Structure formats: structure tokens, C-alpha cells
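Enquirer: So the sequence shown is numbered by the working numbering: it starts at 1 and just counts up by one.
All C-beta atoms, glycine included, are put in the ideal place defined by N, C-alpha and C.
Please read all numbers here as calculations on a predicted model, not as lab measurements.
Quick one: the structure is below, and I'll ask about it shortly.
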Amino acid sequence: MKTLTTIFSSLLIALSLPLAAQNNEGSGDDFSRFFNNAISQQKQQKQTAPQQPDTLAQPERPARGSVLEGLLGRTRRPGRKQIEQENELLRSELDSLQMLVDSLRGREYLDEYEIAVLEGNDPNPVTFEYNQETSDSLLHLWYKNSLVTDFDAVNEYNMDSVRFSSNVSDAEMMRRLSAMNSFITLPYNDVVKNYIILYSERMPSRMGRVMGLSAYYFPIFEDILVRYDLPQELKYMAIIESMLNPVATSRAGARGIWQFMYQTARGYGLEINSFVDERLDVEKAVDAAARYLRDAYKIFGDWTLAISSYNCGAGNVSKAIRRADGKRDFWSIYPYLPKETRGYVPAFVGAMYAMTYYREYGIVPQNVGMPAQTDTFHIRKNLHFEQIHSVVGVPVEELQNLNPQYTHDIIPGNDHPYVLKLPFTWTNAFVEANADSLYAFKADSLLNGKVLKETESKSSGSRASGSRSGGSSGSQRIAHKVKSGDYLGKIASRYGVTVTQIKNWNHLKSNNIQIGQTLYIYKNGGPTISQGSGSSGSSGSSKQTSKTVIYTVKSGDSLYKISKLYPGVSADDIKRANGLKSDSIRAGQKLTIPIP
Numbered sequence: 001m002k003t004l005t006t007i008f009s010s011l012l013i014a015l016s017l018p019l020a021a022q023n024n025e026g027s028g029d030d031f032s033r034f035f036n037n038a039i040s041q042q043k044q045q046k047q048t049a050p051q052q053p054d055t056l057a058q059p060e061r062p063a064r065g066s067v068l069e070g071l072l073g074r075t076r077r078p079g080r081k082q083i084e085q086e087n088e089l090l091r092s093e094l095d096s097l098q099m100l101v102d103s104l105r106g107r108e109y110l111d112e113y114e115i116a117v118l119e120g121n122d123p124n125p126v127t128f129e130y131n132q133e134t135s136d137s138l139l140h141l142w143y144k145n146s147l148v149t150d151f152d153a154v155n156e157y158n159m160d161s162v163r164f165s166s167n168v169s170d171a172e173m174m175r176r177l178s179a180m181n182s183f184i185t186l187p188y189n190d191v192v193k194n195y196i197i198l199y200s201e202r203m204p205s206r207m208g209r210v211m212g213l214s215a216y217y218f219p220i221f222e223d224i225l226v227r228y229d230l231p232q233e234l235k236y237m238a239i240i241e242s243m244l245n246p247v248a249t250s251r252a253g254a255r256g257i258w259q260f261m262y263q264t265a266r267g268y269g270l271e272i273n274s275f276v277d278e279r280l281d282v283e284k285a286v287d288a289a290a291r292y293l294r295d296a297y298k299i300f301g302d303w304t305l306a307i308s309s310y311n312c313g314a315g316n317v318s319k320a321i322r323r324a325d326g327k328r329d330f331w332s333i334y335p336y337l338p339k340e341t342r343g344y345v346p347a348f349v350g351a352m353y354a355m356t357y358y359r360e361y362g363i364v365p366q367n368v369g370m371p372a373q374t375d376t377f378h379i380r381k382n383l384h385f386e387q388i389h390s391v392v393g394v395p396v397e398e399l400q401n402l403n404p405q406y407t408h409d410i411i412p413g414n415d416h417p418y419v420l421k422l423p424f425t426w427t428n429a430f431v432e433a434n435a436d437s438l439y440a441f442k443a444d445s446l447l448n449g450k451v452l453k454e455t456e457s458k459s460s461g462s463r464a465s466g467s468r469s470g471g472s473s474g475s476q477r478i479a480h481k482v483k484s485g486d487y488l489g490k491i492a493s494r495y496g497v498t499v500t501q502i503k504n505w506n507h508l509k510s511n512n513i514q515i516g517q518t519l520y521i522y523k524n525g526g527p528t529i530s531q532g533s534g535s536s537g538s539s540g541s542s543k544q545t546s547k548t549v550i551y552t553v554k555s556g557d558s559l560y561k562i563s564k565l566y567p568g569v570s571a572d573d574i575k576r577a578n579g580l581k582s583d584s585i586r587a588g589q590k591l592t593i594p595i596p
């Protein structure tokens with residue numbers, strides 16, 4: 001027990017150091033040396049009290065309910081059962097931290113375009129004009145035409161140069177911030193003041209819409225944050241990310257109300273394929289965001305740094321800390337953060353302030369028409385929104401608004417159960433509808449093999465072309481440089497492809513790869529959707545290949561246990577499909593399951 005606690009503590013310190021492994025080629029493989037240095041630093045830290053950041057607001061309080069706090073603070077020897085429970089908690093958190101480490105290492109492979117976007121120099125910027133038409137109906141609130149929702153693109157102001165004035169004095173703003181009694185430290189200075197005025201005085205109509213949407217979305221966020229014992233104030237980050245637009249898409253490719261990039265989303269267990277994008281699923285997206293923020297806080301020990309890392313990545317925050325001579329407060333690293341991230345914490349404070357004191361500024365919450373109550377149903381067969389509309393009567397627009405994760409109005413229930421959310425007023429009608437009639441309605445035209453294949457092809461093409469503004473319409477090619485510890489199964493899991501695909505793309509005759517070797521990955525879609533027995537396949541002489549399913553490993557899983565979930569599949573089949581050299585797997589890992 002003591003050894004596991006020491007290892008876990010050392011891992012936290014190792015992760016909290018500047019991540020040099022991301023910035024020096026080859027050093028990312030020497031994690032053992034990095035870990036040992038952390039153990040030495042742990043001994044030194046026992047003799048040195050941590051320096052408190054200098055802020056104008058109240059000092060930040062420690063995270064609540066910390067597992068380590070519970071372990072290290074015990075004076076009585078725990079029993080065997082309690083030790084086993086605590087060990088399981090620690091293993092779960094180690095798995096989560098390992099996923100974050102993997103995602104950090106992945107940021108080493110940014111291309112020139114992504115770096116330009118991160119630094120705010122997008123060569124192909126996209127703009128969007130808000131007007132009265134977009135606020136006239138609930139459907140237009142979703143801004144489906146490639147809306148850019150980065151917090152610095154939602155408004156027309158250059159926040160680095162503009163200086164707003166207000167009739168509210170600095171002393172009154174500081175008093176109000178203090179009265180909010182936030183668990184997260186809320187600093188106040190000229191930069192923060194600018195954002196406070198922006199959100200509370202400069203865009204009352206937009207904030208009115210946000211207020212209306214928050215009545216529906218905030219309770220969902222709060223429930224998840226409570227589940228992970230995180231500060232409730234973190235819910236305001238979604239305003240900065242997307243203005244509470246569940247289908248928002250940024251110029252860098254981030255999607256959803258919490259603006260996840262593809263790789264980070266996959267690393268945190270969100271499913272993304274031709275028919276489903278769980279970045280657009282509000283509940284699953286906030287759950288992934290909560291886990292990311294929990295992990296980031298364990299790394300940095302400061303909520304403003306954790307919040308900043310959500311915008312630019314933990315690697316960039318660690319780099320800024322190193323450039324700031326190891327100082328670990330937001331305003332010390334402020335000049336060294338990417339341009340768009342510098343305003344992220346001030347914007348967070350400004351949005352939180354405006355949502356708290358909206359009455360004082362005359363902001364009126366708008367009625368956006370979201371239902372007060374909803375019901376959820378598990379769908380176990382392929383189902384089209386048009387079938388639900390025609391048989392049950394639910395408007396397609398309402399289905400899309402409540403279930404934006406189904407990007408083509410198709411719930412691919414044949415592969416595994418998916419959730420359908422309906423307004424409470426339609427619950428009885430849906431329950432009373434004849435199931436056979438519902439699934440059979442126009443199935444030949446809405447869900448036949450040709451339609452599903454065309455939808456999958458169209459989705460793959462749009463993802464590939466959408467990954468670059470003005471880019472080609474072909475697949476997105478990624479160059480992956482093999483590092484120590486890499487194997488084909490691990491690489492395939494990272495990019496959401498199969499081992500067979502990587503071997504075919506790179507003309508590999510075996511699973512052997514070498515350090516320094518460059519492999520080309522084509523991210524052009526996820527697993528195929530299975531066709532129901534009643535659906536006819538497309539005609540042609542080509543042979544139908546076996547389909548595959550991407551499975552996310554859960555805590556307690558083994559290859560044998562997973563194989564039993566898929567009749568006809570053995571543990572050895574899974575190992576071969578993923579290029580695994582042993583039976584070792586970890587929670588959060590993606591496995592390709594070959595279905596015979």
C-alpha cells in the first residue's frame with residue numbers, strides 16, 4: 001500500500017514538471033529517467049514550502065475530496081478491504097493520468113497549419129455574422145454552417161488593443177467578485193476588467209441567449225461536476241468554448257459544446273465514426289471534460305493553469321512554466337502562453353461575472369424553447385429520425401436538437417445500444433408506438449446498404465477535407481514517427497484505425513517496425529455500421545469483407561472477457577488484430593475487434 005501511494009505521488013510530480021519530452025526529439029522515450037528525477041524532487045519538496053501565487057483575490061483552496069489527502073492523512077492502520085478499495089481508486093486515476101500523458105506526447109506532431117492556428121495566424125480564417133435571423137428560431141441557434149466559436153472569434157474586438165470603459169468602478173467590480181465566493185481564485189486587473197465589461201455590457205443579446213440555454217445545459221454540467229467532486233464554477237468554461245452551442249465547430253477542428261479535438265476526444269473515450277460524434281453528445285462531452293480537468297489539476301495544482309491547459313494543452317502550459325523560470329501562477333506564465341490562451345482565464349472570469357450579475361446590467365434570459373424535461377431510451381437497432389417523426393410524430397428538428405451526436409440523423413443501434421433523448425411530452429407516444437412498424441417504416445429507402453455506404457463515404461470525405469481550410473478533398477495523411485515502445489496496435493489505437501490498414505498503407509509484410517521509421521496514417525473514417533438482416537446490400541461483384549468494431553477497454557477488462565462479448569471471436573483474434581505482443585491492456589485503450 002505504501003509503495004503504491006509513493007509511486008502515485010511520484011507520478012503526479014513527474015507530470016507536473018515541464019514536459020521536456022515534448023520539446024526535444026528522442027527525449028519523450030526516456031520516461032524512466034524523467035520519473036526518477038521526479039522522485040528526487042519529491043524528497044527536496046519535503047524541505048521546501050510551496051510558494052503561494054500573488055493575486056488580488058482570495059487565495060485558492062485545495063481540491064476537495066482528494067484521494068491522496070485521505071490516504072496520507074490517516075493515523076489508523078486501514079483494513080484489507082479498505083486498502084483494496086483505495087488501491088483500485090489509485091489504479092483508476094493512474095489509468096486516467098496515463099491517457100493524459102499519451103495525449104501530451106501526441107502534441108509533438110503538430111504540423112505547420114495547426115501551429116499557425118494555435119498561434120492565431122490561420123491562413124484561411126472563417127468568420128460568422130450574428131444577426132436577428134439566427135436568433136429567431138431554436139434551429140438556427142446551432143449555427144450548423146461551420147460556425148467558428150473560439151472565444152476570441154465570437155466577438156468583433158481585438159482584446160489585446162481595445163480598452164473598454166464602464167460606469168461601474170473598479171472597487172465595485174472587485175467587491176462583486178469577492179462576493180461571488182468562488183472556489184476558484186478570481187483575479188482582478190485591467191485585462192480581467194476588459195473581459196468583464198465585454199461579457200456584461202457589450203453583447204447583451206448574445207448573453208441573453210446564453211442565459212436561456214444555460215437553464216437547460218447547466219444542470220447537466222453540475223451533475224457531472226459533482227460526480228467528479230470538481231468546482232461547479234467550471235461549467236462557465238463552456239460559454240468561452242462554444243457559447244453553449246452543442247454543434248459548434250472551430251477553425252482548428254474542435255467540435256461540440258466543450259470543443260474537443262479529435263485525438264483528445266478519442267483519448268478520453270468519446271466515440272467518433274461516420275454516424276456518431278460523441279463530442280456533440282452534451283452529457284458525454286462534459287464527462288470527458290470533467291476527467292480532463294481533474295487530471296490537469298493533478299498535474300498543475302492550480303485551477304487557472306488547469307483551465308488554461310484545456311484551451312492550449314498541458315504541454316504548452318508546461319512549456320510556459322519553464323520559460324517563466326518555474327513559476328506556477330497564471331500571470332507569471334501569461335506572456336509565454338499562446339496568444340489565444342492568454343485571454344482564456346480573463347474571459348472565464350468575465351463570463352462568470354456576467355452570468356452572476358446579469359440583472360444589474362439589464363441582460364434578459366431568452367426563451368430558446370428547450371424542453372424542461374426529457375426522457376431517454378436505449379435503441380438497439382438502426383433507426384432513422386425520419387422513422388421516428390413519421391410513426392411517432394416528434395419533429396425532426398427536436399430530435400436533432402436533443403441528439404446532435406447522430407450526425408446524419410441515423411442511430412446505428414445494430415452495433416451496440418445508443419441513447420435517444422426525447423422531450424417528455426413525446427414519451428407516451430413513443431412507448432405506445434408499435435416497435436415493428438417503427439423500425440420497418442421506409443427502412444428499404446432510409447437504411448438500405450447503399451444509403452449507409454454513401455453516408456459513410458460522405459462523412460469520411462467531409463472529415464478529411466474539413467481538417468484543412470481550403471485543403472484537398474482526399475484523406476488526411478498523418479506522418480507518425482515511431483518511438484521507443486511503439487507497436488502497430490498502439491499506433492492504430494491512437495489514430496482510430498486498424499493494424500491491417502497501417503500495414504497496407506505502408507506496405508508492411510509483418511508487424512515489425514523500427515524506432516525512427518515514418519508511418520503514414522490516413523484518418524478517413526471510423527468503423528463501418530453493420531447492416532440489419534432486413535437491409536439489402538449494394539449490388540456488385542466485390543466480396544463483402546468482415547466488419548470491425550472499436551472497443552474501449554474498461555477497468556477490470558481482460559482480452560478473454562472482451563472476447564466473450566463477441567461470439568466467434570477469441571482473445572488471440574483480438575491480439576492479432578491489434579498487433580499485441582502480450583495480454584496486457586489498460587483502461588481507455590481502443591481495441592479493434594474483428595467480427596467474423
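Considering only the alpha carbon of each residue, which of Asp329, Asp325, Lys327 and Asp295 lies closest to Ala314?
Expert: On the sequence shown, residue 314 is found 314 positions in, with the first residue counted as 1. Cα-wise, what sits closest to Ala314 is Asp295.
Enquirer: Which ranges would you report for the alpha helix (DSSP H) in the region 349 to 409 if only whole runs of at least 4 residues count?
Expert: 385 to 391 and 396 to 402
Enquirer: Quick check on Asp190: does DSSP put it in helix, strand or coil?
Expert: As a position in the sequence shown, residue 190 is number 190, starting the count at 1. Three-state result, Asp190: helix.
Enquirer: Between Met207 and Ile411, is the Cβ-Cβ spacing less than 8 Å?
Expert: Position 207 of the sequence shown, counted from the start, is the residue given in the question as residue 207. Position 411 of the sequence shown, counted from the start, is the residue given in the question as residue 411. No. Outside cutoff.
Enquirer: Could you give the first and the last residue of the continuous beta strand (DSSP E) run that contains Thr341?
Expert: Locating residue 341 in the sequence shown gives position 341, counting from the first residue. Note, Thr341: premise wrong, no beta strand (DSSP E); alpha helix (DSSP H) at Lys339 to Arg342.
Enquirer: Is it buried or exposed, Gln259, if we count other Cβ atoms within 10 angstroms and call 16 or more buried?
Expert: Walking along the sequence shown from the start, residue 259 turns up at place 259. Under this definition Gln259 is a buried residue.
Enquirer: Note down the Cα distance separating Pro594 from Val431, rounded to an integer number of angstroms.
Expert: What you label residue 594 is simply residue 594 of the sequence shown in a count that begins at 1. What you label residue 431 is simply residue 431 of the sequence shown in a count that begins at 1. Separation of Pro594 and Val431 (C-alpha to C-alpha, rounded to the nearest whole angstrom) is 35 Å.
Enquirer: Please state if the CB of Ile307 and the CB of Tyr344 are separated by a distance shorter than 8 Å.
Expert: Taking the sequence shown and counting its residues from 1, one reaches residue 344 at position 344. Taking the sequence shown and counting its residues from 1, one reaches residue 307 at position 307. Their beta carbons are under 8 Å apart, which means Tyr344 touches Ile307 by this criterion.
Enquirer: At 4 residues or longer, what runs of the alpha helix (DSSP H) sit wholly inside the region 179 to 240?
Expert: 190 to 197 and 204 to 227
Enquirer: Alpha carbon to alpha carbon, how far is Tyr439 from Lys554?
Expert: As a first step, residue 439 must be located in the sequence shown, where it is residue number 439. As a first step, residue 554 must be located in the sequence shown, where it is residue number 554. Using only the alpha carbons, I get a separation of about 31 Å.
Enquirer: Comparing C-alpha positions only, which one of Ala254, Gly212 and Ala351 sits nearest to Gln366?
Expert: As a first step, residue 366 must be located in the sequence shown, where it is residue number 366. The option with the nearest alpha carbon to Gln366 is Gly212.
Enquirer: Using the beta-carbon count (16 or more within 10 Å), is Pro417 buried or exposed?
Expert: Within the sequence shown, the letter at position 417 stands for residue 417. Under this definition Pro417 is an exposed residue.
Enquirer: Using only the alpha-carbon positions, how far apart do Met261 and Thr376 sit?
Expert: For this step, residue 261 is matched to residue 261 along the sequence shown. For this step, residue 376 is matched to residue 376 along the sequence shown. Each residue's alpha carbon lies about 27 Å from the other.
Enquirer: Identify the continuous beta strand (DSSP E) that holds Lys590 and give its terminal residues.
Expert: Walking along the sequence shown from the start, residue 590 turns up at place 590. It spans Lys590 to Pro594 - the beta strand (DSSP E) in which Lys590 sits, taken as one unbroken run.
Enquirer: By DSSP, does Phe164 sit in helix, in strand, or in coil?
Expert: As a first step, residue 164 is located in the sequence shown; it is residue number 164 there, counting from the start. Of the three classes helix, strand and coil, the one that applies to Phe164 here is coil, per DSSP.
Enquirer: Quick check: the region 349 to 363 against the region 166 to 181, are at least 3 beta-carbon pairs closer than 8 Å?
Expert: yes
Enquirer: Does the beta-carbon distance from Thr341 to Asn311 come in below 8 Å?
Expert: On the sequence shown, position 341 is the one that residue 341 refers to. On the sequence shown, position 311 is the one that residue 311 refers to. Closer than 8 Å, so yes.
Enquirer: Is it right to say Leu565 is buried, meaning 16 or more other beta carbons lie within 10 angstroms of its own, or is it exposed?
Expert: In the sequence shown, counting from the first residue as 1, residue 565 sits at position 565. When all chains shown are included, Leu565 counts as exposed.
Enquirer: Quick check: what's the CA-CA separation for Gln400 versus Asp409?
Expert: Within the sequence shown, numbered from 1, the residue matching residue 400 stands at position 400. Within the sequence shown, numbered from 1, the residue matching residue 409 stands at position 409. C-alpha separation (whole angstroms): 7 Å.
Enquirer: Just tell me which of Phe424, Asp486 and Phe348 has its CA closest to the CA of Ile197.
Expert: Position 197 of the sequence shown, counted from the first residue, corresponds to residue 197. Ranking the options by Cα distance to Ile197, first place goes to Phe348.
Enquirer: Helix, strand or coil for Leu519 per DSSP?
Expert: Here the question's residue 519 lines up with position 519 in the sequence shown. Leu519 falls in the strand class under three-state DSSP.
Enquirer: Do Ile502 and Ile521 count as a contact pair if the criterion is CB distance below 8 Å?
Expert: By 1-based counting over the sequence shown, the position of residue 521 is 521. By 1-based counting over the sequence shown, the position of residue 502 is 502. A contact, by the Cβ cut-off of 8 Å.
Enquirer: Round the Cβ separation of Glu222 and Gln405 to the nearest angstrom and send it over; I've been treating them as touching at under 8 Å.
Expert: Indexing the sequence shown from 1 puts residue 222 at position 222. Indexing the sequence shown from 1 puts residue 405 at position 405. Wrong, their Cβ atoms sit about 21 Å apart, outside the cutoff.
Enquirer: Give the single residue among Leu447, Leu383 and Ser390 whose Cα lies nearest to the Cα of Ala429.
Expert: What you label residue 429 is simply residue 429 of the sequence shown in a count that begins at 1. Per the Cα distances, Ser390.
Enquirer: Spatial neighbours of Lys581 within its chain, please: C-beta separation below 6 Å, excluding the five flanking residues on both sides.
Expert: Taking the sequence shown and counting its residues from 1, the one referred to as residue 581 is at position 581. Hits under 6 Å: none found.
Enquirer: Taking the C-alpha atoms as reference points, what is the distance between Ala577 and Asp229?
Expert: Here residue 577 is taken as the residue at index 577 of the sequence shown, counted from 1. Here residue 229 is taken as the residue at index 229 of the sequence shown, counted from 1. So the two alpha carbons sit approximately 38 Å from each other.
Enquirer: May I ask you to list the residues that DSSP assigns as paired with Val282?
Expert: Locating residue 282 in the sequence shown gives position 282, where the first residue counts as 1. Bridge partners of Val282: none, in fact.
Enquirer: On the CB-based measure, 16 or more other CB atoms within 10 Å of its CB, does Pro187 come out buried or exposed?
Expert: Reading the sequence shown from its first residue, position 187 is the one you call residue 187. By the 10 Å Cβ count, Pro187 comes out buried.
Enquirer: What's the call for Val247, buried or exposed, on a 16-neighbour Cβ count within 10 Å?
Expert: Residue 247 sits at position 247 when you count from the first residue of the sequence shown. With 16 or more other Cβ atoms within 10 Å, it is buried.
Enquirer: May I ask which residues mark the beginning and end of the alpha helix (DSSP H) holding Leu488?
Expert: Taking the first residue of the sequence shown as 1, we reach residue 488 at position 488. Element bounds for Leu488: Leu488 to Tyr495.
Enquirer: So what's Ala571 in DSSP terms, helix, strand or just coil?
Expert: Numbered from 1 along the sequence shown, position 571 holds the residue referred to as residue 571. Looking at Ala571 - three-state DSSP - the assignment turns out to be helix.
Enquirer: When burial is assigned at 16 or more other CB atoms within 10 Å of the CB, is Pro219 buried or exposed?
Expert: Taking the first residue of the sequence shown as 1, we reach residue 219 at position 219. Taking all protein chains shown into account, Pro219 has fewer than 16 neighbouring C-beta atoms within 10 Å of its C-beta and is therefore exposed.
Enquirer: Under 8 Å between C-beta atoms, does Ala289 make it to chain B?
Expert: The displayed structure is made up of one protein chain only, and chain B is not part of it.
Enquirer: Starting from Val419 and walking both ways along the beta strand (DSSP E), at which residues does that stretch end?
Expert: Position 419 of the sequence shown holds residue 419. Its beta strand (DSSP E) spans residues Tyr418 to Pro423.
Enquirer: Please give the ranges of any alpha helix (DSSP H) in the region 297 to 326, keeping only runs that are unbroken, at least 4 residues long and fully inside the region.
Expert: 303 to 312 and 314 to 323
Enquirer: So the candidates are Gly579, Ala443, Ser318 and Tyr361; which of them puts its Cα closest to the Cα of Met173?
Expert: As a position in the sequence shown, residue 173 is number 173, starting the count at 1. Met173 has its Cα closest to that of Tyr361, out of Gly579, Ala443, Ser318 and Tyr361.
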